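Scroll down for the structure; my scribbles are underneath it.
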Amino acid sequence: MQPGVIKRNKPEMVDAQISSVGLVFYRTKLWFASPKPYLMVTGLLFFVATWYLLTEYLKVPRFEKLPGPAIVLKEWLSRDPIYGTSIYTPEYYVHIWKSFFRVLQAFVLATCLGVPLGLFMGWKKTFKDYTFPILETLRPIPMLAWVPLAILMWPGRELAIIYLTFLAAFFATTLNTLLGVESIDEVYFRAARCLGFKPRHIFFRVVVPGALPFIFTGLQISMGVAWFSLVAGEMLAGEYGLGYLIWNSFILVQYPVIVIAMITLGFIGWASSAAIRFVGSLLMKWKVREVV
Amino acid sequence: MRNNGHNAARDENFQAGHPSGEMNIASVSKAYGVGPLRQPVLEDCSFTIESGKLTVLIGPSGCGKTTLIDILAGYEKADSGIVTIDGQPVKGPGRDRLVVFQETALFPWMTTFENVIYGPMVRKEMSRKDLESRAISLLEKVGLVDFKDKYPTQLSGGMQRRAELIRAMINNPKVMIMDEPFRGLDAMTRELMQEYYVRLFEENRATNLFVTSEIEEAIFLADQLLVMSYRPAKIREVIEIELPRPREFHMLTSKEYLNYKKEALEILHEEAMKAFASGSNVAAVDFLEAYSERQAASGQEGRDSFD
C-alpha cells in the first residue's frame, strides 16, 4: 500500500444539510407512505366496533351495563351534556388541570431529588451501601399502603395526594438512575482517569451522560406510576381531578363520564410520555445513529 | 539479531522536544485468588520499554497480557516487583502512560472532536486555540477532519480506532500503551490501521508498547519484539527487529521478515504446546490450531514469493 492512503478524499456529506423543519416534513411524508398509519386506524376502528357491538348493539351479558362508544362520544361532544361533563364544560378542564398540575409538581420534585440521589448512589459505592437496602425495602410497598400515613402526615388533601404521587415517581426514578450509572462500562472510567479528568469532570462528563439513557427510561416509568398513584389518591381523598371525577361519577351513576375521564387519562399519559421521550432525544443526540 | 545489538540510529531519528519515557519492569509478579484457588498469572516478569521505540508484546491468548497492561497503566497493583517510568515508580493511572483499549473507549456522548480535545482541555495545559489547531492537524493526519462533529456511533470501526489513537496522542504521553487495539477489525481495515499507526509512530518516535496476538502485525510494527510465555507468564524471548523504516507492506514478503517470523513462531508454538499439554485451556487449543494453519499457509506463501 502507498503512503497516499493517509490523505483521503473528502467524502460527500449528504446528511448534514437538512433543516429540522424539512426533516419533520420528510419524516411525516415517509410515515404516510408507510402502511403504519393505516394499520393504526384499522386497529382503532376494530377496537371501537367491538366495544360498540358488545355494549350497545348485542348487549352481551356483563357488558350491557357499560356505556358504549356512541353514548360516550355523544356526551363528550355535547354542548349540553346530560351528566354535566363534556368538552364544552369548564369543569372538565378544571379536573384535567388539577390532575396535571399535581402530577407535574410530584414529577418535578421526584426528578429533582431522585436523579441526583441515584447518580450519587451509583457513583459512591459506600453511599450506596448505606442507602440501597432502605430503598429496596421501601420501593415495593404499594402506594395504597401509604395512604393513611400520607393523610396523617400532611395537612389537607392536596399535599397528601401530591406526596403519594411523588413517592411512586421518586422510587422509579432513583432506581433507574442508579442502574444507569452502574450500566456504564468500566472502560470509560479508566479512559477518563488516564486522560486526567478530575472527579467533577468524571461526574459531569462520564457519569451523567452515561446514565442518561436509563434516566429517561426511568422518567417514563416514573411518569406512568405517577398517574397511577395520582388517580388512586384522588379517588380516596380528592375534591377535583380525573380520579375524583371517575369515582364520583360511579357513585352518582353517571357511567359515560367514567369512560370520558378514563380516555382523557389515557391521552394525557401518552402525551406526557411522548414529551419525556422528546426531551430525551434532544439531550441524547449521540444515540441517534442516522439522521433520518 | 538478538537482544544485544543497540540501535544507534535511534537517537538521530528521535525528534527533539518530544517527551519520551522509558519504562522499566523489574520482576513483576501477579496472582489472582487465594489459597488453593491461587492462580499465578505473571511471574518474575522483567523487561524494558525503550525510549522512542516501538516495543511489541506478543503471547498466546489468555497468557496475561491484559493483566500486565493493567499493571503498567496503574489500574492494578503488582504483588511484587516494581514498575518505573523514567526512574519514577508507577503509583496509579496517569496521563504519562495512555492506554488505547481493546474495545472502543471513545465517549459516545461526545463528538469526535470533543473526545480528542477534552482531556487536555480539562487539564488546561494548552490554550484553547493551540489545542484546537493541534487537534485539527491530528484529525487531518488520520483522515477524520470531516467527521470531527460526528458522534462515535456514526463512525466505522476503523475510524473509531483512529480517533482513539489521536485522542491518546494529543496528550503527548511519555509512553503509549496499545492493548490489542486492532482486534475485531476486518482484515482490510486492520491493514490500513497498521499503516496509519506505523506512519504516526515514525513521525513522532514516541515510546510505544503495542500488545497483540498477531505475529504478522507484531513483526511489521516492532523495533523490539517481546515474546511472552504461557501462564504464569514471563518474557520468554526478546527479538530485535531490524527491518528498515519506514515500514512498507512489501516487506512482509522479504527474507528477513520471514526469518523473524519463523523464529517467533517457533517459540510461540512451543508455548502453545505447553498450554495444550496443560490440558484444561480451550483457548490454547484454538490458538494452536490457528497457528498451525497459519504456519502452513505462510510456508506456502514463502515458497511462492521465492520461486
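Taken in order, these protein sequences are the chains called A and B. Residue numbering for the first sequence follows the working numbering, beginning at 1 and increasing consecutively. Residue numbering for the second sequence follows the working numbering, beginning at 293 and increasing consecutively. C-beta atoms are modelled at their ideal positions from N, C-alpha and C, and glycine is treated no differently. Note that the structure is predicted; figures quoted are calculated from it, not measured.
Inset, instruction - Identify whether Gly241(A) lies in helix, strand or coil by the three-state DSSP scheme. - result: coil
Legend entry - Straight-line gap, Asp478(B) to His542(B) (C-alpha atoms, nearest Å): 20 Å
Legend entry - Ala33(A), buried or exposed, once every other Cβ within 10 Å from all chains shown has been counted against 16: exposed
Inset, instruction - Could you say which of Leu364(B), Arg330(B), Lys554(B) lies nearest to Met315(B) if we only look at CA atoms? - result: Leu364(B)
Legend entry - Beta-carbon spacing of Phe502(B), Leu346(B) below 8 Å: yes
Inset, instruction - Identify, in the order they occur along the chain, each residue of the same chain with its Cβ nearer than 6 Å to the Cβ of Thr396(B), setting aside the five sequence neighbours on each side. - result: Gln452
Legend entry - Residue burial classification, Asp471(B) (beta-carbon count within 10 angstroms, cutoff 16): The residue is buried, with at least 16 neighbouring Cβ atoms inside 10 Å.
Inset, instruction - Evaluate Trp270(A) with the Cβ neighbour count: other Cβ atoms within 10 Å of its Cβ, from every protein chain shown; 16 or more gives buried, anything less gives exposed. - result: exposed
Inset, instruction - Identify the continuous alpha helix (DSSP H) that holds Ile268(A) and give its terminal residues. - result: Boundaries of the alpha helix (DSSP H) around Ile268(A): 255-283.
Inset, instruction - To the nearest angstrom, report how far apart Val519(B) and Thr359(B) are at their CA atoms. - result: Distance between Val519(B) and Thr359(B), taken at the CA atoms: about 15 Å.
Inset, instruction - Helix, strand or coil for Phe203(A), going by three-state DSSP, please let me know. - result: helix
Inset, instruction - Quick one: which unbroken alpha helix (DSSP H) runs of 4-plus residues sit fully inside the segment 332-415 of chain B? Chain order, please. - result: 357-365, 404-415
Inset, instruction - Kindly indicate the opening and closing residues of the alpha helix (DSSP H) around Ile493(B). - result: The displayed chain sequence assigns Phe, not Ile, to residue 493(B). Counting along the chain, the alpha helix (DSSP H) containing Phe493(B) begins and ends at 479-496.
Legend entry - Within 7 Å of chain A by C-beta, residues of the segment 378-396 of chain B in sequence order: Pro385, Arg387, Leu390, Val391, Phe393, Glu395
Legend entry - Amino acids of chain A, ordered along the chain, whose beta-carbon sits closer than 8 Å to that of Val408(B): Within chain A, no residue comes near Val408(B); the closest Cβ sits about 10 Å away, beyond 8 Å.
Legend entry - Beta-bridge pairing of Thr499(B) - partner residues as DSSP gives them: Val467(B)
Inset, instruction - Could you name the residues of the segment 170-195 of chain A whose beta carbon sits closer than 7 Å to any beta carbon of chain B, in the order they occur along the chain? - result: Val187, Tyr188, Arg190, Ala191, Arg193, Cys194, Leu195
Inset, instruction - May I ask you to list the residues that DSSP assigns as paired with Glu529(B)? - result: Val519(B)
Legend entry - Spatial distance of Ser99(A) from Leu230(A) (CA atoms): 7 Å
Inset, instruction - Kindly give me the distance between the Cβ atoms of Lys440(B) and Thr403(B), rounded to whole angstroms, as I take these residues to be in contact under 8 Å. - result: 7 Å
Legend entry - Proximal residues of chain B, C-beta to C-beta of His293(A) below 7 Å: Chain A is shown only over 1 to 292; residue 293(A) falls outside these bounds and no answer can be derived.
Inset, instruction - Tell me whether Ala150(A) sits in a helix, a strand or coil according to DSSP, three-state version. - result: Helix, per DSSP.
Legend entry - Test item: CB-CB of Arg459(B) and Asn407(B) under 8 Å: The answer is yes: Cβ separation under 8 Å.
Inset, instruction - Identify the continuous alpha helix (DSSP H) that holds Val181(A) and give its terminal residues. - result: 157-182
Inset, instruction - Can you pull the chain A residues whose beta carbon is under 7 Å from the beta carbon of Thr347(B), in chain order? - result: None at all; the shortest Cβ gap to chain A is about 19 Å.
Legend entry - Straight-line gap, Ile151(A) to Glu91(A) (C-alpha atoms, nearest Å): Those two C-alpha atoms are separated by around 26 Å.
Legend entry - CA-to-CA distance, Lys547(B) to Pro3(A), given in whole angstroms: Any reading at Pro3(A) must be qualified, since the residue scores a pLDDT of 44, below 50, and its modelled position is unreliable; no value is offered.
Legend entry - Local Cβ density within 10 Å of Cys112(A), reported as buried at 16 or more and exposed below that: exposed
Inset, instruction - Mind checking who Asn316(B) pairs with in its DSSP beta bridge? - result: Thr340(B), Thr376(B)
Inset, instruction - Pick helix, strand or coil for Tyr324(B), following the three-state DSSP scheme. - result: strand
Inset, instruction - Decide if the segment 463-470 of chain B is in contact with the segment 484-504 of chain B; the criterion is three or more beta carbon pairs, one per stretch, under 8 Å apart. - result: Flag = yes, the segment 463-470 of chain B and the segment 484-504 of chain B touch.
Legend entry - Extent of the continuous alpha helix (DSSP H) run through Phe132(A): Here the alpha helix (DSSP H) through Phe132(A) covers 125-138.
Legend entry - Arg453(B) - containing alpha helix (DSSP H), residue span: 449-461
Inset, instruction - Assign Lys526(B) to one of two classes, buried (16 or more other C-beta atoms within 10 Å of its C-beta) or exposed (fewer than that). - result: So Lys526(B) counts as buried.
Legend entry - Separation of Phe63(A) from Leu175(A), as counted between CA atoms: 40 Å
Legend entry - Contact set between Pro473(B) and chain A, taken where Cβ atoms lie within less than 7 Å: Under the 7 Å cutoff, chain A gives no residues; its nearest Cβ is about 13 Å from Pro473(B).
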